[in-house]
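Visitor: Here it is: the structure, laid out below.
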Amino acid sequence: MPEFASPLAIHSLEMRGIVKRFPGVTALKGVDFDVRAGEIHALLGENGAGKSTLMKILYGLYQPNEGEILLDGGAVSISSPHDSISRGIGMIHQHFMLVPSLTVAENVALGMKSKRGPLLDLKQISKSLSELSERYNLKIDPKRPIWQLAVGEQQRVEIVRALYRGAALLILDEPTAVLTPQESDHLFEVLKQMAAEGHTVIFISHKLQEVLAISSRITVLRDGSRVDTIAAAGATKLSLAEMMVGRSVVLEYEIPAHSGQGAVRLRLEAVSANSERGNLGLRCANMEVRGGEILGVAGVSGNGQHELAEVIAGMRPAAAGKILINGAASTNISPEMLRKRGVAYIPEERMIDGVVAKFTVAENYVLKTHGQKAYARGGLWLRMRAVADACRQAIRSYEIKTPSTETPIKNLSGGNIQKLVLARELAENPGVLIAAQPTRGVDIGATEYIHRRLLDERARGTAILLISEDLDEVMALSDRIIVMYEGQIVGEVARSAYDVRHIGALMAGVTAESLENSA
Amino acid sequence: QDDVFRVAAVSPSATNDLAFSQSMFDALTMLDEEMGDAFEFTFQEGTFIVDDAAVALRDWASSGEYDLVIAHGSQYGSVVEELANEFPEVAFAWGTDVNTFGLPNVSAYTVAAEQGGYINGALAAILSETGNIGVIGPIEVGDAKLYVDGFVSGVGATDPDATVNVTYIQSFGDVPLATEAATAFVSNGADVLSGTAQMVVGPIGVALENDLLWFGTQSSQAELAAESGVAFQVYRWDVVLRDLIADIGEGTLGGESYVLTLENGGVEMEVSEFTGLDEETLATVEETIAALSEGIISGEIVPLPELEATPEATPAS
Amino acid sequence: MNGAFQVRTTPTSWFRTAGNRLLDAAPLLISLALAFLIASGLLLALNVSPIDGFSSMLQGAFGSENTIAETLVKATPMLLVAIGICISFRGGMINVGGEGQMIAGAVAGITVALSLSTTPPIVAVPLSILAGFVAGALYGGLAGWLKAFFNVNEILSTIMLNAIAVQMMNYLLNGPLLDPTEVGVNHVPKTARIAEQLQIARLSIPLPEGVAELFSLQNAELFARTRLHWGLILAIVLAVLAYLLLWRTTIGYRIRAVGENERAAKYAGIRVRWNMVLAMMFAGGFAGLAGVVQVLGLQYRLQTDGSAMGFTANAGFNGIVVALFGGLNPLGAIPASIFFGGLLVGAQKMQRDLGVPAALITSINGMIVIFAVSSEYFRAMIARRRALGGGSMPGTQAVESRPKLPENPPDVIGQATL
Amino acid sequence: MNILESLGTVFTASVAAATLRLATPYLFAAIGETFGQRSGLLNLGVDGIMLMGAFFAFYAVYATGSLLLGLAAALLIGALLGLAMAFISVTLKAKQGVSGIGLYLFGLGMSELLFQTLVGTPKSVEGFPPIYIPGLSDIQFLGIGQIFFSQNILVYLAFLSVPISAFIFNRTNFGLKIRAVGQNPAAADAMDVSVTRIRYATQIIGGMMAGLAGASLSIALLDVFQQNLTNGMGFIAVALVYFGRWKPLGVMLGALLFSFVNALQLQISAVGIQIPPEFSTMAPYVITIIALVFAGKQSERPTALTVPFQRGE
Ligand SMILES: Nc1ncnc2c1ncn2[C@@H]1O[C@H](COP(=O)(O)OP(=O)(O)OP(=O)(O)O)[C@@H](O)[C@H]1O
Ligand SMILES: Nc1ncnc2c1ncn2[C@@H]1O[C@H](COP(=O)(O)OP(=O)(O)OP(=O)(O)O)[C@@H](O)[C@H]1O
Ligand SMILES: [Mg+2]
Ligand SMILES: [Mg+2]
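Chains as they are written, first to last, in this note's numbering: chain Y, 55 to 573; chain W, 134 to 450; chain S, 7 to 424; chain C, 43 to 355.
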């Protein structure tokens, strides 16, 4: 008899004619949606299509303006997470619902009855957590505080917590956006196992091949309405993409081989840097990026890519080593100096490092350049019209969806926020571009667009460091790939030698040598 | 203009502070009871904010309804000066200070607090067994300073070996701090306490708790101090007010500066009716008060010689 | 709140917003009415007629030329402080140190004014005022510096610095700055009175022919023979300038960016720590101005009763309330300061006329503040209803939780904390 | 006298005892405020609640002579005002700084108004007596007896509240919810924790503690009530929460430091050492700041402090 709650069975769940209005937008325009016990049901759609909203309604975070929810045939009202949780519905949110300062066990204990009355019962919880992570082979350490965990680990915590709470129906909003192939594959194993045990899984994603890989049925939303629900069998990436976007889209890129001749724009010599956790997050990194070249950085999240990006961008002091931009020593100089030397940076956490959430689109567009003559008379008096015009220009050429230049940027979808950041960073024709997770959680349309822009930059002769946990992306775009593991660069692969298994192995910590030997 | 004498007064603290503001409020109430329909007064209390007092005073002055406008607090001086110039037909009185700004419609009043201070100090020196006495003051200004200095010199004159320590807690209202100041004295062997300003309600409690002796000033604190209380210097502003009412009645709006003294009865030594002292000690207390008052009035005793040095007010008529 | 990039409004939309403005005002008025209702209960309990009470309150606030002047006089220092508060809060610095900064400004200002008594006013007055601003800025900057470089919470440091400033003032007024004529043992701790010509001039507005008669004013100049002084004009002008500073200049842009999101600001090449200090220096500077203006325009000398209140009239704290009611927008602070000025002055009048205890007034003011600030909720509800075209729940704004919030969440400032 | 002697006369057991007494009201109030802030609520009205608590405790004792009724009265009014504050900042989502100042003004005025109408002039009451624990209280060594075993019950309660609150924060479900709600209300909400209920609870606890703080003045330490009895202690208490970085122990250290310097400066003038009083009065404030400059920098700030919670809608 396991300590944790055993799943309450859900045989069928149906949402009928769901309508949800927000100020300005109608997010859902009468959506029908249904899932059956034991199926993995994928929910597809572009940014702002309404996926998260539909699921938040199912989980009781939002209230629908119209429509009803039927559980096992009977109409139910789900007015708060309390109702959904007690009915066996669990949700893993796009932005994790974890308290950073608390430990894993504490996060799981949060909001649950304790066997010891008012007192916390972390021992018992830790015990059952280990049991669960055994059973689904999801490694977690109950005693670690969340802020110390990499995104992938945090997601495991979310899943285990849902299971611990006896979720029969599990909703995952863009779970793989932050995972590596290995992690994703592993997640799919877990999901399949759960489905096999009779759980129901709803699964939101922008990545078509994985949707095809694991789901039994697929529902596609397009701006607030359901396009269709189809069986995964027989569907293709292209057909799905066109259903989502409503037009045909390009999924493969033609990349002219790199001459390897361009001047070295970015050079790292034995650079080390500390991580939030205090230890050396980046260890003795050496690399060169030439103009007109894209250097891809592959690796499981939390293996030093974050530190690598930040130390180059001047957001994190280098503990040791040298950074050279166009040959000029640029170690530990201010972000502003770096900007002047032509370094641009697309940060991983767009809402934290990339933009000021409450500022308008226009204000964010000039975040780095507001002091320049073009935008400020005498570096002091802002030229409103100039700023607005420049921003409107960018909105047009980068196809950013926004009501106006005056909208607070937080009201844009991440994809559009990301496009604005891109526009801002490329505005100054940088010589070096660090792109960290440029398409995380961004839909196909936007992803395609961002990729094309990166390639244009490459063609322009920019040296690009592309850091991504999406291996397909790295392989699609980069001329070379370096792989990071535990803060070190453990291998470099030339485009000619790309091979998922090989790179995946390096990412998992298998050393290049041992690979040679095994080969 | 009817024959009712109307007074308006503004004061910083509350009228129930057992101290500065209450002394004026009590005086006005007393006159009100005496004169009945012939007298009325409005009182704005709790006006620590000088600007608020300015508004009140201007309001009264401009209304022309009041025969006398009183600014009871030395911080109101500048305001009075300005208004008196602007409303020459209105009679102003302010204190505690001696400065009439040379204006014919301003009376200044103050109190020779050092006199009662001296007597209290002498009594303290006599009654103290440990020869260790503590005094709690607010900030080193005005009648508070006079009282404390007088008290100290009274102790010195009576028992040169007695030690008297003074703590100015830099606040008129901080009861908790004043209380700990008193406790600090006690733990260092003081067996007699005194103090001035409204925060002394705390120290009085300390005196009670450790059955020490308490000497007060400004208003009578006999009831609160109960058996600890010995003697209190009480300000009798009604003495000044009577003069003012008379003068104003005769058409003199001011120009004089009044000082409450033992002589003119403006300073009154009250022996606590609740005191725990035994009969003959009480007798000595009364005798000492009588004798010292005598001496001070006659000028044999000068509580604060340094005061003489400084130009002071002409004694009240 | 991004005053900058205003979208141009068509006449029709202007009318709509005008209508909405009215709707927005309703909750405030209703809640104020509620506050007064409760206050009426208290008055009745002290058997005072509420009607008399509030009519004399209104009288005392806006009833006559003079009371209006007094209301504006009361508003002036609160407005100056509030301007600074707007800037510091926008910069993410919760400045509770207005009282101390006012004192710093006053002390510096009067020192200069006294030492320049012979120099021509055109030089001396601006110099004294500048001294006040600088001193306040330094004192405020101190708290900013402690926060930026030693991570000393500014709420804590400013509360402590208030107490320290008071003691400094007491010390100076008892010694170095003591009025030379205050020789007695029982001296009153005050500076000498500043020279006539260095006092900020009283403000009166010449009226066109006949107007005075029309409104039966005793003299042809409005506000003549009142205490209204040019400090008010100074404050209003500065409010406009501060608005421009915040939303039209790179300085304000940077301060706001740092306040909203330190990391993004840092990445954008903005010097975060310096801008923290700068925000506090502005806050302190304007509070310092409030201090020096009180001295040069009203009291003509600095005097202490041992506490701050006697001199600052609590403007250092009330300024915070004013700023928040003004929506942390210097322009909004102008009406807000006048409202509170009227409230405070009128309440005093009520105490005088009806002889109610000062304490009652204090507690009524407290309730009015609470009710007024609570009404925001209903305003937001109406605004949201409008946006949704009817229906749905009340609430301020959507908070779909984003990736973990930056350390000092924007909302702390945006939803105007303290 | 020379330095060493004066040191001897200055650092006495009675100073230590005074420190504990002075710290008591700050402790009650600051620990209470810590509950609120940990859950994301700033209450600047502490001083107002303290004053009301002080008056109600005083009046209950004055009228009935029962100390327990006094405590009950303080707790009750504290709870009520806490509830009011919760309604204003949680349900009505009012700007917490302003509503706090409003509450302060209300308490300041109302306590004095009631005092004037019900009591009149300051009267003293028979407050909690010091508890002498036979044996312990007589320990002469370092004045241990005087310092630790001769205080009144509320002093002990105040210091007891430190470990208790620490235990609640770290070892109980309630404490876990408080921390979660203060750090990431959305997450807590998604995990079926009622942000509203928790914040109401902490605010009411804070109110009751503030009420106790007032009572500790009016019926234990001073045994008297007067207009504005607390003289702004409540604001210092709020500052001490930041000093203690939201940890009960830290808050206690802050309260002790502040009170110690205060006791010291009183003792200094009590033994007749001449220092300009302005400077000695200034000392506690200066030293508190300096101490924080040298204190460690990391702190677990409740990220949602003063941010009203609003579910997705
Ligand atoms: N909290 C909110 N407040 C206002 N509007 C919202 C809110 N949440 C969603 N919307 C609106 O509803 C639409 C659907 O949003 P939703 O988050 O469901 O999109 P999505 O399909 O999850 O997009 P993404 O792929 O970016 O996650 C959005 O375009 C947005 O305009
Ligand atoms: N607080 C908000 N106010 C208004 N709209 C919001 C808010 N939060 C989210 N939205 C809307 O929700 C939609 C999707 O929100 P969501 O958080 O899913 O974006 P996202 O997933 O980061 O976008 P993307 O999928 O492109 O990365 C956005 O289009 C945005 O307009
Ligand atoms: Mg989404
Ligand atoms: Mg998304």
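Quick reminder that beta carbons are idealized off the backbone N, C-alpha and C, glycines included. It should be emphasised that the depicted structure is a prediction, and the values quoted were computed from it without experimental measurement.
Excluding five sequence neighbours on each side, which residues of the same chain lie with their C-beta closer than 7 angstroms to the C-beta of Ala230 (chain C)?
Guide: Cβ neighbours of Ala230 (chain C) beyond the five flanking positions: Lys219, Ala222, Val223, Val237.
Visitor: Using 8 angstroms as the threshold, is the segment 151-159 of chain Y in touch with the segment 189-206 of chain Y, meaning 3 or more CB pairs across them?
Guide: Short answer: they touch.
Visitor: Using DSSP with H/G/I as helix, E/B as strand and the rest coil, what is His424 (chain Y)?
Guide: Of the three classes helix, strand and coil, the one that applies to His424 (chain Y) here is coil, per DSSP.
Visitor: Am I right that Ser327 (chain W) and Phe284 (chain W) are in contact with their C-beta atoms under 8 angstroms? What's the rounded C-beta distance?
Guide: Contact flag correct, Cβ pair sits at about 6 angstroms.
Visitor: For the segment 169-182 of chain S, which residues have a beta carbon sitting closer than 8 angstroms to at least one beta carbon of chain C?
Guide: For the segment 169-182 of chain S, which is checked against every Cβ of chain C, the residues closer than 8 angstroms are Ala169, Ile170, Gln173, Met174, Asn176, Tyr177, Asn180.
Visitor: Where does Tyr307 (chain Y) land, buried or exposed, given buried means 16+ other C-beta within 10 angstroms?
Guide: With fewer than 16 Cβ atoms within 10 Å of its Cβ, Tyr307 (chain Y) is classed as exposed.
Visitor: Could you tell me whether the Cβ of Ile430 (chain W) comes closer than 8 angstroms to any Cβ of chain C?
Guide: Ile430 (chain W) does not count as touching chain C.
Visitor: So which of C:Leu145, C:Val313, C:Ala305 has the shortest CA-CA distance to Ala252 (chain C)?
Guide: Of the candidates C:Leu145, C:Val313, C:Ala305, the one whose C-alpha sits nearest the C-alpha of Ala252 (chain C) is C:Leu145.
Visitor: Return helix, strand or coil for Lys74 (chain Y), following the three-state DSSP convention.
Guide: Lys74 (chain Y) falls in the strand class under three-state DSSP.
Visitor: Report the residue from W:Ala416, W:Ala364, W:Ala226 whose alpha carbon sits nearest the alpha carbon of Glu401 (chain W).
Guide: Minimum Cα distance to Glu401 (chain W) is reached at W:Ala364.
Visitor: What residue range does the beta strand (DSSP E) around Asp265 (chain C) cover?
Guide: Where Asp265 (chain C) is concerned, there is no enclosing beta strand (DSSP E), given that its DSSP letter is neither H nor E.
Visitor: Where are the alpha helix (DSSP H) runs, 4 residues long or more, that stay fully inside the segment 197-247 of chain S, in chain order?
Guide: With a minimum length of 4 residues, the continuous alpha helix (DSSP H) runs that stay inside the segment 197-247 of chain S are 217-220.
Visitor: What's the C-alpha gap between Phe345 (chain S) and Asn324 (chain S)?
Guide: Taking the straight line from one Cα to the other gives about 12 angstroms.
Visitor: What are the residues that DSSP puts in a beta bridge with Gly349 (chain W)?
Guide: According to DSSP, Gly349 (chain W) bridges with W:Phe365.
Visitor: Taking C-beta to C-beta, are Ile161 (chain S) and Ala281 (chain C) nearer than 8 angstroms?
Guide: A contact, by the Cβ cut-off of 8 angstroms.
Visitor: From the DSSP secondary-structure annotation, give me the bridge partner or partners of Thr175 (chain W).
Guide: Per DSSP, W:Ala141.
Visitor: Do you know offhand how far Arg391 (chain S)'s Cα is from Val79 (chain Y)'s?
Guide: Each residue's alpha carbon lies about 14 angstroms from the other.
Visitor: Helix, strand or coil: which one does DSSP assign to Tyr113 (chain Y)?
Guide: DSSP places Tyr113 (chain Y) in helix when its eight states are reduced to three.
Visitor: I want to verify the contact list: residues of chain C whose CB lies under 9 angstroms from the CB of Glu160 (chain Y), in sequence order.
Guide: Within chain C, the residues near Glu160 (chain Y) are Leu218, Arg221, Ala222.
Visitor: Only counting runs of 4 or more residues, tell me where the alpha helix (DSSP H) segments fall wholly within the segment 167-226 of chain C, in order along the chain.
Guide: Runs found: 186-190, 195-213, 215-225.
Visitor: Compare the C-alpha of Cys338 (chain Y) against each of Y:Ser326, Y:Glu330, Y:Leu349 and name the closest.
Guide: Measuring from the Cα of Cys338 (chain Y), the nearest candidate turns out to be Y:Ser326.
Visitor: What residue range does the beta strand (DSSP E) around Trp201 (chain Y) cover?
Guide: Counting along the chain, Trp201 (chain Y) falls outside any beta strand (DSSP E), and DSSP gives it neither H nor E.
Visitor: Once the 5 residues before and after Ala230 (chain S) are set aside, which same chain residues still bring their CB inside 6 angstroms of it?
Guide: The answer, listed in chain order, is Ser210.
Visitor: What residue from C:Gly276, C:Ala232, C:Gly249 has the CA that sits closest to Ala126 (chain C)'s CA?
Guide: Of C:Gly276, C:Ala232, C:Gly249, the residue nearest in Cα terms is C:Gly249.
Visitor: Could you round the C-beta distance between Leu234 (chain S) and Ala75 (chain S) to whole angstroms and report it? I think they count as a contact, below 8 angstroms.
Guide: Yes, Leu234 (chain S) and Ala75 (chain S) are in contact; Cβ-Cβ is about 4 angstroms, under 8 angstroms.
Visitor: Hey, would you say Ile430 (chain W) sits closer than 8 angstroms to Leu395 (chain W), going by beta carbons?
Guide: Result yes, Cβ atoms of Ile430 (chain W) and Leu395 (chain W) sit closer than 8 angstroms.
Visitor: Quick one: is Arg51 (chain Y) buried, meaning 16 or more other Cβ sit within 10 Å of its Cβ, or exposed?
Guide: Outside the shown range of chain Y, which is 55 to 573, sits residue 51 (chain Y), and nothing can be said about it.
Visitor: Can you find a C-beta in chain S that's less than 8 angstroms from the C-beta of Ala430 (chain Y)?
Guide: With 8 angstroms as the cut-off, Ala430 (chain Y) counts as an interface residue toward chain S.
Visitor: Using a Cβ-Cβ cutoff of 9 angstroms, what residues of the segment 261-283 of chain C are near chain W? List them in chain order.
Guide: Result list: Leu263, Leu264, Asp265, Val266, Phe267, Gln268, Gln269, Asn270, Leu271, Thr272, Asn273, Gly274, Met275.
Visitor: Within 8 angstroms, do at least three Cβ pairs link the segment 258-269 of chain W to the segment 309-327 of chain W?
Guide: In short, these stretches touch, since the Cβ pair count reaches three.
Visitor: Between the Cα of Pro212 (chain S) and those of S:Glu202, S:Leu49, S:Gln205, S:Asn225, spot the shortest distance and give me the residue it belongs to.
Guide: Measuring from the Cα of Pro212 (chain S), the nearest candidate turns out to be S:Asn225.
Visitor: Is Lys153 (chain S) near ligand 5, with its Cβ less than 7 angstroms from a heavy atom?
Guide: With respect to ligand 5, the structure offers nothing, as its ligand set consists of ligand 1, ligand 2, ligand 3 and ligand 4.
Visitor: Leaving out five residues on either side along the sequence, give the residues of the same chain with a beta carbon under 7 angstroms from the beta carbon of Val54 (chain S).
Guide: Counting only Cβ-Cβ distances below 7 angstroms, and skipping sequence neighbours, we find Leu360, Val362.
Visitor: Should Lys169 (chain Y) be labelled buried (16 or more other beta-carbon atoms within 10 Å of its own) or exposed?
Guide: It is exposed - the Cβ of Lys169 (chain Y) has fewer than 16 other Cβ atoms within 10 Å.
Visitor: What do you reckon, are the CB atoms on Val214 (chain Y) and Leu183 (chain Y) nearer than 8 angstroms?
Guide: Yes. Within cutoff.
Visitor: With DSSP as the reference, label Trp288 (chain C) as helix, strand or coil.
Guide: Reduced to three states, the DSSP call for Trp288 (chain C) is coil.
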